[in-house]
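Each residue of the sequence shown is one higher than the one before, counting from 17 in the numbering used here. Just so you know, even glycine gets a beta-carbon here, dropped at the ideal spot from N, CA and C. In what follows, a single structure is set out as structure tokens and then discussed.
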Amino acid sequence: MGIVNETKIRLADPAPLGIFGLAMATLVASSEKLGLTEGTAGLLPWVLFLGAFAQILASGIEFKRDNIFAATAFGAFGLFWFAVGMTWYFGYSIEQFGFAILGYLIFSIYMTYAAASINKAFLVIFVFIDLLLAALLFQIFGGGPAMLSGIMELAVAVSGFYASAAIVLKTMAGFEVLPLGKPVLELKKFEL
């Protein structure tokens with residue numbers, strides 16, 4: 017009988033990179049909605065490389081780490097940013113884009129509930145994402161102001177930068193430098 021040599025590879029936490037990607041994409045995208053920049057062509061590199069690629073990369077690593085929440089969140093929002101970038105590049109029907117936003121709002125609502133069981137920093141990010149998606153729906157179907165969406169995008173960016181920094185600093189220092197906050201609720205496994 018041979019000896020099996022099992023070497024476990026420890027993967028670093030990819031969450032700070034994925035959250036940083038989200039923060040950068042929403043920060044740059046907010047600049048257009050807030051009237052600080054014009055057009056979407058200049059947003060594409062940031063949206064595709066940081067909003068999409070960084071989150072897809074983080075998702076793949078989170079799947080390997082068996083973190084279904086983070087893997088799903090990063091994967092879904094990474095694909096969201098790819099789709100948004102392609103929509104801006106190729107042109108789109110605003111109503112179809114609205115239905116895509118509605119689908120992501122549904123997704124984000126149940127991910128917000130899950131985030132409440134992780135920490136307050138993630139919960140805040142998801143609450144702002146919910147508000148952003150609702151503001152975009154109001155803008156698309158109700159004629160709401162783009163500035164409201166821009167403010168919500170900026171809020172996602174600021175809370176994302178904070179959470180990314182908190183995780184990096186906690187990992188480097190070995191203790192919580194910036195508090196992430198305790199979970200708001202506890203999810204329990206339900207078995208039939």
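When the Cα of residue 77 is compared with those of 196, 130, 192, 25, which residue comes out closest?
-> When C-alpha distances from residue 77 are compared across 196, 130, 192, 25, the shortest belongs to 25.
Rank 184, 201, 200 by C-alpha distance to the C-alpha of residue 193 and give the top, closest one.
-> Looking from the CA of residue 193, the closest CA among 184, 201, 200 belongs to 184.
Roughly how many angstroms lie between the CA atoms of residue 124 and residue 142, to the nearest whole one?
-> For residue 124 and residue 142, the distance between alpha carbons rounds to 7 Å.
Close Cβ partners of residue 180 (< 7 Å) along its chain, the five nearest in sequence each way excluded | Spatial neighbours of residue 180 in its own chain (CB-CB distance under 7 Å, excluding positions within 5 residues in sequence) are listed in chain order as 32, 35, 36, 39.
With burial defined as no fewer than 16 other Cβ atoms inside 10 Å of the residue's Cβ, what is the status of residue 48: buried or exposed?
-> Its Cβ being crowded by 16 or more others within 10 Å, residue 48 is buried.
Whole alpha helix (DSSP H) runs in the region 121 to 191 with 4 or more residues, listed along the chain?
-> The alpha helix (DSSP H) runs lying completely inside the region 121 to 191 and spanning 4 residues or more are 136 to 158, 162 to 189, given in chain order.
Find the nearest neighbour of residue 94 within the set 178, 41, 129, judged by alpha-carbon distance.
-> The residue among 178, 41, 129 with its C-alpha nearest the C-alpha of residue 94 is 41.
If you compare alpha carbons, which of 133, 103, 163 is closest to residue 147?
-> Cα-wise, what sits closest to residue 147 is 163.
Between the Cα of residue 165 and the Cα atoms of 107, 178, 145, which residue gives the shortest distance?
-> Sorting 107, 178, 145 by C-alpha distance to the C-alpha of residue 165 places 145 at the top.
For residue 74 versus residue 101, is the C-beta distance shorter than 8 Å?
-> Judged by beta-carbon spacing, residue 101 lies beyond the 8 Å limit of residue 74, meaning their Cβ atoms are not closer than that value.
Starting from the Cα of residue 91, find the closest Cα among 99, 72, 79 and give me that residue.
-> Between residue 91 and the set 99, 72, 79, the nearest pair of CA atoms involves 72.
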